[in-house]
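Residue numbers (full-length UniProt numbering): 1 to 341.
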């Protein structure tokens with residue numbers, strides 16, 4: 001803790017402050033000017049000078065404006081810079097104003113076969129791109145709680161992604177994705193509090209994905225344990241938020257959906273209720289529309305893409321601090337997720 005010895009002020013004033021036990025910045029800043037005058041037998045000007053000197057040392061960065069934060073200028077501290085992770089699709093990035101936020105928890109919810117895991121795999125690839133290409137120049141930690149990791153599908157997406165650019169062909173995308181299979185909540189807590197911090201401290205991992213967060217809470221708790229479940233969810237979310245803030249990286253959590261008890265049109269809602277929703281920074285909802293579209297056949301470096309009929313799906317921004325409530329359509333082909341134009 002900083003003390004008055006660190007200040008460039010008159011030695012007589014330092015001595016007066018130390019005599020009455022005012023030695024740390026915190027002790028001086030929490031007292032009023034009048035109290036310090038009375039205790040240290042100092043003038044108002046001398047006390048004001050001491051507080052000003054402390055303030056100049058405590059506030060080490062220059063004043064910044066909202067525009068500085070938005071533009072990410074050099075004056076803006078690292079933890080306040082707004083950085084986005086590209087989804088790998090230009091149209092989706094434009095709709096999300098740059099991509100996935102690197103601060104906080106982004107939830108991707110949706111029914112089965114809506115494309116949740118597909119989008120997560122795509123993020124595992126794009127995060128490895130340099131910042132000027134929408135990436136974060138780092139790897140990904142993928143935590144599986146349900147099915148086995150879809151390594152075959154990831155390999156297919158990587159092979160097509162590499163064909164987009166000669167620069168991409170030099171990147172070993174598959175070598176920078178760390179996979180952990182989690183069977184229960186105890187293992188998840190151990191992973192988040194011990195394994196993840198150790199992995200993230202090296203600076204090589206810039207994305208954490210949990211697929212899915214609902215599976216463990218649905219299995220490990222009964223209906224009578226809702227209060228205890230809510231406490232566990234709040235604790236988990238707080239730990240994830242702390243990791244995101246400390247290492248400036250996005251946390252992406254996949255969530256399942258459940259039938260709405262109050263709706264008459266068979267509407268589904270994200271699982272885990274308000275206790276989980278209140279912990280999120282952003283929620284994206286994926287769903288199938290029931291429509292199909294024929295994808296045009298084309299080739300990429302000799303590989304065939306499209307040429308078949310596929311389901312049209314929708315991506316909705318349910319809530320986010322920087323986005324309006326919008327919906328856009330997308331399809332999934334051999335390369336991954338693409339907005340329907």
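For each residue, glycine too, the CB sits at the ideal point set by N, CA and C.
| said: Please report the straight-line C-alpha distance between residue 137 and residue 299, rounded to a whole angstrom. | reply: Stepping through the chain shown from its first residue, residue 137 is reached at position 137. Stepping through the chain shown from its first residue, residue 299 is reached at position 299. The alpha-carbon atoms of residue 137 and residue 299 are separated by roughly 29 Å.
| Can you tell me whether residue 233 is buried or exposed, with buried defined as 16 or more other CB within 10 angstroms of its CB? | Position 233 of the chain shown, counting from 1, holds the residue named residue 233. Counting Cβ neighbours within 10 Å, residue 233 comes out buried, since at least 16 surround it.
| request: Look at the alpha carbon of residue 330 and the alpha carbon of residue 30, and state the distance between them as a whole number of angstroms. | output: Counted from its first residue, the chain shown places residue 330 at position 330. Counted from its first residue, the chain shown places residue 30 at position 30. Their Cα atoms are separated by approximately 56 Å.
| task | Count the CB pairs spanning the region 282-298 and the region 98-112 that are closer than 8 Å, and state whether there are at least three. | result | yes
| field | Which listed residue (141, 326 and 335) has its alpha carbon closest to that of residue 94 | value | Translated into the one-based positions of the chain shown, residue 94 becomes position 94. Distances from the CA of residue 94 to each of 141, 326 and 335 were compared; the closest alpha carbon is that of 326.
| task | Using the Cα positions of residue 303 and residue 255, report the straight-line distance between them to the nearest angstrom. | result | If you number the chain shown from 1, residue 303 lands on position 303. If you number the chain shown from 1, residue 255 lands on position 255. Straight-line Cα distance between these residues: approximately 34 Å.
| field | Backbone secondary structure at residue 54 - three-state DSSP | value | Residue mapping note: residue 54 aligns to position 54 of the chain shown, counting from 1. Three-state result, residue 54: helix.
| request: Using only alpha-carbon positions, find the residue among 235, 241 and 310 that is nearest to residue 337. | output: As a position in the chain shown, residue 337 is number 337, starting the count at 1. Looking at the Cα atoms, 310 is the closest of the given residues.
| Would you call residue 2 buried or exposed, if buried means 16 or more other Cβ atoms sit within 10 Å of its Cβ? | As a working note, residue 2 is residue 2 in the chain shown. Exposed, since its Cβ has fewer than 16 Cβ neighbours within 10 Å.
| query | Between the C-alpha atoms of residue 102 and residue 243, what's the straight-line distance to the nearest angstrom? | reply | The residue given as residue 102 occupies position 102 in the chain shown. The residue given as residue 243 occupies position 243 in the chain shown. The straight-line gap from Cα to Cα measures roughly 11 Å.
| Secondary structure of residue 251, DSSP reduced to three states | Counting from one through the chain shown, the residue named residue 251 turns up at place 251. In this structure, residue 251 counts as strand in the three-state DSSP scheme.
| message | Let's see if you can read the secondary structure: which residues bound the beta strand (DSSP E) around residue 326? | response | Position 326 of the chain shown, counted from the start, is the residue given in the question as residue 326. From DSSP, residue 326 is part of no beta strand (DSSP E); its letter is neither H nor E.
| task | Please work out which residues of its chain come closer than 7 Å, Cβ to Cβ, to residue 125, disregarding the five sequence neighbours upstream and downstream, and give them in chain order. | result | Taking the chain shown and counting its residues from 1, one reaches residue 125 at position 125. Only 88, 157, 158, 161 and 173 meet the Cβ criterion.
| Relative to the alpha-carbon of residue 277, which residue among 155, 13, 194 and 238 has its alpha-carbon at the smallest distance? | If you number the chain shown from 1, residue 277 lands on position 277. Of the listed residues, the one whose Cα sits closest to residue 277 is 238.
| task | Assign residue 117 to buried or exposed, taking buried as 16 or more other Cβ atoms, counted over all protein chains shown, within 10 Å of its Cβ. | result | For this step, residue 117 is matched to residue 117 along the chain shown. Buried, since its Cβ has 16 or more Cβ neighbours within 10 Å.
| Cut-off 6 Å between Cβ atoms - residues of its own chain near residue 25, not counting five sequence neighbours on either side | Numbered from 1 along the chain shown, position 25 holds the residue referred to as residue 25. Short of 6 Å from the beta carbon of residue 25, and not among the five residues preceding or following it, lie these beta carbons of its own chain, in chain order: 2 and 54.
| message | I need the boundaries of the beta strand (DSSP E) containing residue 298, first residue and last residue. | response | Translated into positions along the chain shown, residue 298 becomes position 298. Note, residue 298: beta strand (DSSP E), 298-300.
| said: Per the DSSP calculation, residue 303 is bridged to which residue(s)? | reply: Taking the chain shown and counting its residues from 1, the one referred to as residue 303 is at position 303. Per DSSP, 300.
| task | Report yes if the C-beta distance between residue 91 and residue 320 is below 7 Å; otherwise report no. | result | Reading the chain shown from its first residue, position 91 is the one you call residue 91. Reading the chain shown from its first residue, position 320 is the one you call residue 320. Cβ distance not < 7 Å, so residue 91 and residue 320 don't count as in contact.
| said: Report the start-end ranges of each alpha helix (DSSP H) in the region 69-127 that is 4 residues or longer and not cut off at the edges. | reply: 90-95 and 116-126
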